[in-house]
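Going down the list, the sequences are from chains A and B.
For the first sequence, the working numbering gives the first residue as 984, with consecutive numbering after it.
For the second sequence, the working numbering gives the first residue as 984, with consecutive numbering after it.
All remarks here apply to the structure that follows.
2 protein chains.
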Amino acid sequence: MIKAAVMGYGTIGSGVAEVLEQNRDVICRRAGHEIELKYVLDLREFPDSPVADKIIHDFKIIEEDEEVRIVVETMGGLNPAYPFVKASLLAGKHVVTSNKALVAAHGTELLEIARRQGVNFLFEASVGGGIPIIRPLYRCLEGERIEEITGILNGTTNYILTKMDKEGESFENALREAQNLGYAERNPEADVEGYDTCRKIAILTAMAVGKEVNFEDIYTEGITKITDIDFKYAEKMGTSIKLFGTSRIKKDKVSAYVAPVMIGKDHPLYAVNDVFNGILVKGNMLGPAMFYGSGAGKLPTASAVVADMIEAAQNLDSHVPMGWSDEKQKVEPMEDICFRFFVRIAGSYRNKEADVKNFFGNVDVYELYGLDEFAVLTREMAEGDFRRAAAGFDTKEQARSDFGIKQMIRAVL
Amino acid sequence: MIKAAVMGYGTIGSGVAEVLEQNRDVICRRAGHEIELKYVLDLREFPDSPVADKIIHDFKIIEEDEEVRIVVETMGGLNPAYPFVKASLLAGKHVVTSNKALVAAHGTELLEIARRQGVNFLFEASVGGGIPIIRPLYRCLEGERIEEITGILNGTTNYILTKMDKEGESFENALREAQNLGYAERNPEADVEGYDTCRKIAILTAMAVGKEVNFEDIYTEGITKITDIDFKYAEKMGTSIKLFGTSRIKKDKVSAYVAPVMIGKDHPLYAVNDVFNGILVKGNMLGPAMFYGSGAGKLPTASAVVADMIEAAQNLDSHVPMGWSDEKQKVEPMEDICFRFFVRIAGSYRNKEADVKNFFGNVDVYELYGLDEFAVLTREMAEGDFRRAAAGFDTKEQARSDFGIKQMIRAVL
């Protein structure tokens, strides 16, 4: 019998209690031990919940109880998650967390403490919810040199973009609907500005290269500027727009970004819709592989937490090598990454053809009926080159009344 | 330094040598040891290959060399693969195989020997080529009660069906093309009759329930009867036809089958095309998750073999619990499984409406211009009930000149 404590009885924490209860027999068989929840740490009381008698308010009780071997952190945020997790590891306990903010900000240090203490710090649930993606990177694709990871890693933004794509909704309406359904928070900034995706792609990249990746080094752009008109063009072009977190690894060079990207129907992530997540991993031997499933939600995420608890239970007295070292991985500047660029320009192509060709070279042109604008899709070029071309074009056009570039979306087509 | 031997220097065996060589540094880091190929067992010589000096023709050399800790079997077939693998395990060596025929036929016994000997018998590459699917079942989805596994598990048939779907080819032409490209063998029976898929779904089902599943108990139907006309209807209906290996697990009951199935655009496996494989796993907590990638091919499959070699290297002195016991899992009869049925019937619906409704109940009707036939899609019913209805309908119709049912394809819509 192994005793565990859960810190934070919110959505995921209560899901963990539920999974442990409902799948008790399977878990026991696979873990080799029964896993019993001894404490649930929360500021609140939950008198009507199945864990009512396990609720405690003082972390010290967990820290000092030697019987507790596995601590689950599902509080979110950095404070007090960070000091509690660190203290738990230092007390020789295994820690399982679903908290990507914690892993992205302090993973290097926490992994190092776990290594020194001979315990495990596991975080499958911090990326991709219930989809196994962290563990495949250290358990399944071990013979591979990972060359690319591209993920639709945020269910909220994917739901919003799917609504805009399939139902022609505006960003504002789609966001409101996501909020009404509980998919988006009242303050949706972390999701819609791409911050959540950024932390997740930083974690996946660090797993792939075995070095620390500072999420603040990753260029991050959200979806707030994407409009229903962009999707009208996308429909005409047979494409869609998805929020990607991507990193490409070539020798020791890592390029990474978070941005809305226009993709075609043949892209493996094209069919990842609604709140689902999908993660494409390219290995040098394997080629592309894709992992798809529920990227969020109470029970799927809790299931990933429980899988980590089972791994900890199977390795109670040993540290499973995984994660990354404190060596720092440089992230190449966004300017050097190559894309095609989808650009919407005011006015009519007929009047601007010469300037367009002059600044952007050979392009595909798209026009929608009834709009005083047109769109072009450039050949592949480095982001820096595109920015210079776009600035040059805008300057040249400044004198006109139908002036300027209205939108730019990177395209992988 | 760990010494390994490869038995069978065909496509996959030579791929294993190549992956070990090309990714030497990554593999060494993750395995914690360098893995060196000491012997390559084959009847042939390969004087110009990089393993020329490692070729041996006598299995005894491997069996008796205590330095060899990991034996890789990539010969295929049962003889001599089975006696060689068994002898290797009995000699206390870890065995890694890509051979689904071997695992489906003798897995139970070989797993039991490995357990007794304290070594590992690993077979990630036997299902899904390079896609991690065996290991996720025992490493990642451990907290889950698996309720369904549905896979497109055979690249050859998926290539043929994709050609028929997208390019309107006949089965015969698509098969010939697959043969010309080396995707299908001269004798394509094992692929097109579904035997390969049957062994793979038997292995996955046994992994999920932890008991032996006899692949001969699984109803198996191939794709040889699928025609270009079926795909014309499918196009009109917005569906596609895929060869599924499926098992559903409810309490202790397992239903499993291999058959071509008509599915809609919203099915997670709809977009799995060409030689790619996709495997949908439904857990009681996770909901649906999907694994997608190269289901065959030299390097992807070899990469899965190497991942198993790394797992063996990490557990040189311990047996990793996985696989299934010798307890036998009953497979429910096909008659009890429920589907909708797509049925093509000679003649015109106008003349047969009464009989159709009488035998099949409420149906959707589809007609293609210029064909003296029509198709119906039934409501969901048990296969046994459908067969009785179809037999009754055919008997009733016998007197007519435009007699009978021309095609039946199960539908999951």
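C-beta atoms are modelled at their ideal positions from N, C-alpha and C, and glycine is treated no differently.
Since I believe residue j is in contact with residue i (beta carbons under 8 Å), could you give me their beta-carbon distance rounded to a whole number of angstroms?
i	j	result
Tyr-1349 (chain B)	Tyr-1216 (chain B)	6 Å
Leu-1275 (chain A)	Met-1268 (chain B)	The sequence given here has Tyr at residue 1275 (chain A), not Leu. About 16 Å; that fails the 8 Å criterion.
Phe-1342 (chain A)	Phe-1376 (chain A)	4 Å
Arg-1323 (chain B)	Thr-1378 (chain B)	Incorrect: roughly 23 Å between the Cβ atoms, too far for contact.
Ser-1109 (chain A)	Thr-1080 (chain A)	6 Å
Glu-1366 (chain A)	Ile-1320 (chain A)	5 Å
Ile-1246 (chain A)	Ser-1223 (chain A)	6 Å
Leu-1136 (chain A)	Gly-1111 (chain A)	7 Å
Ala-1084 (chain B)	Arg-1169 (chain B)	Not really, about 18 Å apart at Cβ, beyond 8 Å.
Glu-1050 (chain B)	Lys-1076 (chain B)	Rounded, the Cβ-Cβ distance is 10 Å, inconsistent with contact.
Between which two residues does the beta strand (DSSP E) harbouring residue i extend?
i	result
Lys-1194 (chain A)	No beta strand (DSSP E) holds Lys-1194 (chain A); DSSP gives it neither H nor E.
Lys-1265 (chain B)	1259-1266
Ile-1018 (chain B)	1018-1024
Tyr-1240 (chain A)	1236-1247
Arg-1383 (chain A)	Note, Arg-1383 (chain A): premise wrong, no beta strand (DSSP E); not H, not E.
Thr-1057 (chain A)	No beta strand (DSSP E) holds Thr-1057 (chain A); DSSP gives it neither H nor E.
Met-990 (chain A)	985-990
His-1077 (chain B)	1077-1080
Ser-1109 (chain A)	That residue, Ser-1109 (chain A), is in no beta strand (DSSP E); it is neither H nor E in DSSP.
Gly-1306 (chain A)	Here Gly-1306 (chain A) belongs to no beta strand (DSSP E), and DSSP marks it neither H nor E.
Gly-1276 (chain A)	1270-1277
By the criterion of Cβ-Cβ separation under 7 Å, what are the contact partners of residue i in chain B?
i	result
Glu-1125 (chain A)	Arg-1013, Ala-1290, Ile-1293
Arg-1118 (chain A)	Arg-1122, Cys-1123
Is there a C-beta anywhere in chain A that falls below 8 Å from the one on residue i?
i	result
Phe-1386 (chain B)	no
Pro-1066 (chain B)	no
Pro-1033 (chain B)	no
Arg-1231 (chain B)	no
Ala-987 (chain B)	no
Ile-1392 (chain B)	no
Counting only beta-carbon separations shorter than 8 Å, does residue i have a partner in chain B?
i	result
Arg-1122 (chain A)	yes
Gly-1266 (chain A)	yes
Val-1002 (chain A)	yes
Val-1237 (chain A)	no
Asp-1108 (chain A)	What sits at residue 1108 (chain A) in the sequence shown is Ala, not Asp. For Ala-1108 (chain A), the answer is no, since every Cβ of chain B falls outside 8 Å of its Cβ.
Asn-1006 (chain A)	yes
Ala-1254 (chain A)	yes
Closer than 8 Å by beta-carbon distance: list the chain A residues that pair up with residue i, in chain order.
i	result
Ala-1272 (chain B)	Gly-1113, Ile-1114, Pro-1115, Phe-1274, Tyr-1275, Gly-1276, Ser-1277
Leu-1282 (chain B)	Met-1268, Leu-1269, Gly-1270
Val-1009 (chain B)	Glu-1125, Gly-1126, Glu-1127, Arg-1128
Looking at the unbroken alpha helix (DSSP H) that takes in residue i, where does it start and where does it end?
i	result
Pro-1283 (chain B)	1281-1297
Gly-998 (chain A)	994-1005
Pro-1066 (chain A)	1064-1073
Lys-1083 (chain A)	1083-1100
Ile-1044 (chain B)	1042-1047
Report the neighbours of residue i on chain B: residues whose CB is nearer than 8 Å to its CB, in chain order.
i	result
Ser-1286 (chain A)	Leu-1124, Gly-1126, Glu-1127, Gly-1266, Met-1268, Leu-1269
Which chain A residues sit within Cβ distance under 7 Å of residue i?
i	result
His-1137 (chain B)	Looking at the sequence provided, one finds Asn at residue 1137 (chain B) rather than His. Those do not exist, as Asn-1137 (chain B) stays about 17 Å from chain A at its closest Cβ, beyond 7 Å.
Pro-1251 (chain B)	Tyr-1275
Of all Cβ atoms in chain C, is any one closer than 8 Å to the Cβ of residue i?
i	result
Gln-1162 (chain A)	Looking at the structure shown, chain C is missing, and the protein chains on hand are A and B.
Runs of alpha helix (DSSP H) lying entirely within the segment 1124-1177 of chain B, each at least 4 residues, in chain order:
Complete alpha helix (DSSP H) runs here, min 4: 1138-1150, 1154-1163, 1172-1175.
Counting only runs that start and end within the segment 1324-1388 of chain A, where is the alpha helix (DSSP H) found for 4 or more residues in a row?
Correct list: 1332-1343, 1366-1380.
At 4 residues or longer, what runs of the alpha helix (DSSP H) sit wholly inside the segment 1186-1227 of chain A?
Within the segment 1186-1227 of chain A, the complete alpha helix (DSSP H) segments at least 4 residues long are 1211-1220, listed from N- to C-terminus.
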